[in-house]
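All remarks here apply to the structure that follows.
Residue numbers (our numbering): 228 to 395.
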């Protein structure tokens with residue numbers, strides 16, 4: 228496993244811009260559990276959905292929602308990951324993101340969660356590219372093709388061909 232030496236923790240709104248029924252803020256890095264403790268009062272159990280209040284620095288509720296914690300290396304990025312699923316209002320998402328940054332995270336760059344997944348050997352380059360293809364797919368055929376690539380289908384075919392080539 229090729230773990231990154233990232234000492235920083237990143238956060239971003241993971242759902243599209245605008246209001247929606249549900250909004251997701253994702254946090255990844257070594258301070259994800261600290262962010263959870265400050266924002267939720269506790270760090271949720273690993274891989275267990277918890278319905279909790281999301282708190283500001285004064286202990287006032289920003290929102291209530293589902294919190295999920297994934298302990299490294301068993302997460303998308305290979306790092307500790309906290310996911311907050313709340314109401315998808317623009318103000319709520321911005322308040323949650325600002326609170327995460329206040330708790331020690333920094334704003335993630337576009338694609339940085341997938342970049343960390345790649346750098347931590349959670350996905351290969353073809354799969355990383357497939358994430359963008361799946362997000363941008365405008366037809367069901369394009370989505371199915373991207374999903375095949377994301378599943379590792381094409382990468383595995385190449386690996387098997389290389390192994391066969393080396394054997395003969």
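Ideal Cβ positions, reconstructed from N, Cα and C, are used throughout, including at glycine.
Original post:
Which residues in the same chain have their Cβ closer than 7 Å to the Cβ of residue 341, if we skip the five residues on either side of it in sequence?
Top reply: 355 and 358
Subject >> Three or more C-beta pairs below 8 Å linking the stretch 291-309 and the stretch 258-275 >> reply: yes
**OP:** Within its chain, find whatever has a CB closer than 7 Å to the CB of residue 363; leave out the 5 residues flanking it on each side and keep chain order.
**Re:** none
Original post:
Can you name the residues that DSSP bridges to residue 345?
Top reply: None; residue 345 has no bridge partner.
Original post:
Between residue 236 and residue 256, is the Cβ-Cβ spacing less than 8 Å?
Top reply: yes
**OP:** Compute the distance between the beta-carbons of residue 311 and residue 292, then report whether it is under 8 Å.
**Re:** yes
**OP:** Tell me residue 278's beta-bridge partners as DSSP assigns them.
**Re:** 293
Subject >> The alpha helix (DSSP H) enclosing residue 322, as first and last residue numbers >> reply: 317-329
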